[in-house]
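Written below as structure tokens is the structure these notes are about.
Protein chains: 2
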Amino acid sequence: MGKGKRTRVTLRQVAQEAGTSASTASRALAGNGYVAEAIKARVVAAADRLGYVPDVSARSLKGRSSGLVGLVVSDLRNQFYAALAAGVEGSLAAAGHQMVLVDDHGSDAQALEGARAFLAMRAAGVLLAPVGRAATELLVEHGTPVVEVDRRSGARGCDAVTIDSERGARDAVAHLLELGHRRIAMVLDETMWDTGRNRLKGYRAAHRDAGVPLSRRLVLDLGLRPADPGADVAAFLDANPGVTAVFAANNVVAEAVWQELKRRGSAVPRDCSVISFDDLGWMRIVEPGLTAVRQPVYDMGRQAADLLLARIAGERGRAQTLTLQPEFVRRGSTCAPGGTARTAHPSPPGGGAARGVGSDVSA
Amino acid sequence: MGKGKRTRVTLRQVAQEAGTSASTASRALAGNGYVAEAIKARVVAAADRLGYVPDVSARSLKGRSSGLVGLVVSDLRNQFYAALAAGVEGSLAAAGHQMVLVDDHGSDAQALEGARAFLAMRAAGVLLAPVGRAATELLVEHGTPVVEVDRRSGARGCDAVTIDSERGARDAVAHLLELGHRRIAMVLDETMWDTGRNRLKGYRAAHRDAGVPLSRRLVLDLGLRPADPGADVAAFLDANPGVTAVFAANNVVAEAVWQELKRRGSAVPRDCSVISFDDLGWMRIVEPGLTAVRQPVYDMGRQAADLLLARIAGERGRAQTLTLQPEFVRRGSTCAPGGTARTAHPSPPGGGAARGVGSDVSA
DNA sequence: CTGTTAGCGCCTTCAA
DNA sequence: TTGAAGGCGCTAACAG
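The listed protein sequences correspond, in order, to chains W and G.
Position one of the first sequence corresponds to residue 1 (the working numbering), numbered consecutively onward.
Position one of the second sequence corresponds to residue 1001 (the working numbering), numbered consecutively onward.
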């Protein structure tokens, strides 16, 4: 530290400064092999004095990989993915790894580009919320450990951590059915990923369980990045005046639904009950609070990273899928149709009843 | 593509497959130097066939730096930082760079650790929301281009992109004063960074401008990561019953204030007006909508990244500070004290009056 | 315990 | 237009 340097300090220079050879200096700094205490101290002091920073490029050129771990998400501005990334980062940082973050904006091509970049940088491993199987397959083929998060692409040879979408959706819709709703709409923005598909499955399963007939008309798929989701929801509600409750498949959809209901002056839950899959901060803040299926997002990130770290550390064995259970949180946005026999408290401070907490492993 | 490979494909292997030398293959793939078209095609085909991926470690060992760019933020779960990161990523990805994201959790030590990691990976440049000057100084000293975002540490030798906190705060508080408020509280969670400090300055300046006396009692500093911000706000409000308006210094504080007001049954804005510095999605969703100082966060990330890219590309010249102007958005959470002469519409769909849009550069 | 030797994969002179 | 040679910074053998 002191004078600004133009040339990076190399190990050789440190060794010279300490009056020893490069290999000894290497051993002293890395802590491998035998080095006399005295020399070691001299080397460390010299490194310190010169502001030495080891070059990971050189290091990973020798060894196997850089310490970098890639993460691909579909929309960093979506709190869901931000929380996921935060969880991943926390776990990786604790293990001394760096996280390279790529936003694929839901595009298969961009995910693949990201994967290629990870390959090029010899990433130690990659976590991704898949948008297709190409990226995963490319990485696996090259021997890079991969853990899929949130969704599964169907590619083989990688671990995964997901949330039980079907169960979460089934519980939510069952709640509405129990309250007496018979015309329950489901709004989603994609069915090409297993998250959307499984939530739809859960919606259907709940109906079957209750012996309530299904109608295709009650399912609205906005598609990813709808131009004007509010308008689509509006048109849908106009076309289906009998709807007394809406199940929104994720936080983005939930926001669109909520805003449209507010815009048209519908009273929630009296005129229409609402449940969101995914529980964000604002859902606790609005009045009434939104009944929601909470996903342990941050934790999912952490656990996925841990799984990956284990693979990086050399753990063998079959690919595992960790399925996390969501938690049903009842707030004020759901009640019996027409507002009769309202059992929900307006907005309980603490949240609501927990259900299905925990997680289980399946091969 | 095809058979899973255990050993990474090297340039030499590609060359061999194409029946040429490594140097020629290098030129063919990199596009440097002269290569016969026929040979070039053969090499490209071979590379493709073998699934060749260049090794950036080797490449950056030769050259100067890896194509990696570091970003340090203080809390990825905070939507503000997530949006910032998204902006940065967008710009970097477009330029073919990868973003390495580090969350320092507001800790100087962790930021420094991140900086060291960036140095070790020979990052092409680094963007950071500084928590101290140590990280910036270390990087600058080693010749790594740095752009500070959102805040400035005071370290020299780096560019910066910030938002005019003082002006944003002054405008907001002036609005409250114009409405007739005289006991306006300001709640913040830090004054060690220039964001908090400057917002406080703006708060004071507005009072001075209006000739309204200031009282230290009206400023509540919760401190970063308060154990129970709600309780602190509650105690503060109890101790200052005369307060008719609250100016919250950022989205975290705004949420705490909002929740506490709701908890105690205060009617906003009749009993208490509220303004937030930083405009998040939920502030548009709640009833009434929150009057807010909107920051062009995503854009700040983009612009900061662009500035850094220019430096990486070799742009010389003095360090620049780009100051972005916030936009005052009036919604329903502000009115005259006591709810008299209420001029605000309950919750205008589009937002409110814009003010101070644009940006300017200063050396 | 320490120094010498030999590359990791790539790119960049330099000759041919 | 192409190939051979050398070296980026580091570390893992191998002597000494």
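Using N, Cα and C, we set each Cβ at its ideal position, and we do this for glycine too.
- Where G:Gly1070 is concerned, the enclosing beta strand (DSSP E) starts and stops at 1068–1073.
- Burial state of G:Thr1024 is buried, judged by a 10 Å Cβ sphere holding 16 or more other Cβ atoms.
- The shortest CA-to-CA distance from W:Gly180 to any of W:Ala210, W:Glu166, W:Gly154 is the one to W:Ala210.
- Counting C-beta atoms within 10 angstroms of its own C-beta, G:Pro1241 has fewer than 16 neighbours from the protein chains shown and is therefore classed as exposed.
- Using a Cβ-Cβ cut-off of 9 Å, G:Glu1260 is close to nothing in chain W; its nearest Cβ partner there is about 12 Å away.
- G:Pro1213 and G:Ser1276 have their alpha carbons spaced roughly 22 Å apart.
- Nearest Cα to W:Glu89 within the set G:Leu1084, G:Tyr1081, G:Asp1103: G:Asp1103.
- With fewer than 16 other CB atoms across the displayed protein chains lying within 10 angstroms of its CB, G:Ser1021 is exposed.
- Its Cα nearest to that of G:Gly1301, the residue G:Ala1129 stands out among G:Ala1129, G:Arg1156, G:Gly1154.
- The C-beta separation of W:Val173 from W:Phe247 comes to about 6 Å, placing the pair in contact by the 8 Å criterion.
- In the three-state scheme derived from DSSP, where H, G and I count as helix and E and B as strand, W:Glu315 is classed as coil.
- The alpha-carbon of W:Gly314 is positioned some 22 Å away from that of W:Gly87.
- Close partners of G:Ile1275 in chain W (Cβ separation under 7 Å) are lacking, with about 16 Å as the shortest Cβ gap.
- G:Asp1108 and G:Val1072 have their C-alpha atoms some 11 Å from each other.
- In the structure shown, the three-state DSSP call for W:Gly125 is strand.
- Close CB contacts of W:Gln13 within its chain, under the 7 Å cut and outside five residues either way in sequence, are with Leu50 (chain order).
- For the pair G:Lys1040 and G:Ala1058, the CB atoms are not nearer than the 7 Å cut-off.
- Below the 8 Å Cβ cutoff, chain G contributes Ser1057, Met1121 as neighbours of W:Ser66, in chain order.
- By the rule that beta-carbons nearer than 7 Å mark a contact, W:Pro54 touches chain G.
- Proximity of chain W to G:Ser1060 at the Cβ level (cut-off 7 Å) is accounted for by Ser57, in chain order.
- What W:Asp103 touches in chain G, judged by beta-carbon distance under 8 Å, is Ala1086, Glu1089, Gly1090, Ala1093, going in chain order.
- The beta carbon of W:Asp194 sits closer than 6 Å to those of Arg151, Arg152, all from its chain and outside the five residues before and after it, given in chain order.
- Counting only runs of at least 4 residues, the segment 1252–1280 of chain G fully encloses no alpha helix (DSSP H) element at all.
- In the three-state DSSP reduction, W:Thr20 falls in the coil class, being neither helix nor strand.
- Excluding five sequence positions before and after W:Gln110, the CB atoms of its chain that fall closer than 6 Å to its own CB belong to Asp104, given in chain order.
- Put simply, of G:Ala1134, G:Phe1118, G:Glu1190, G:Val1243 the residue whose alpha carbon is nearest the alpha carbon of G:Thr1144 is G:Phe1118.
- The C-beta of W:Tyr52 has 16 or more other C-beta atoms within 10 Å across all chains shown, which makes the residue buried.
- For W:Glu148, the enclosing beta strand (DSSP E) starts and ends at 146–150.
- Residues of the same chain with a CB within less than 7 Å of the CB of G:Val1257, apart from the 5 flanking positions on each side, are Val1187, Val1233, Val1246, Ala1248, Val1274 in chain order.
- It is roughly 30 Å from the alpha-carbon of G:Cys1335 to the alpha-carbon of W:Ala254.
- Secondary structure note for G:Thr1162: its beta strand (DSSP E) is the uninterrupted segment 1159–1163.
- With respect to W:Val100, W:Ala304 sits apart: the two C-beta atoms are not nearer than 7 Å.
- CA-CA distance, G:Ser1266 to G:Val1243, rounds to 12 Å.
- Taking a beta-carbon distance threshold of 7 Å, G:Ala1135 does not count as an interface residue toward chain W.
- In this structure, the beta-carbon distance from G:Gly1168 to G:Val1293 falls below 7 Å.
- Note on geometry: alpha-carbon atoms of W:Ala135 and G:Gly1114 lie some 28 Å from one another.
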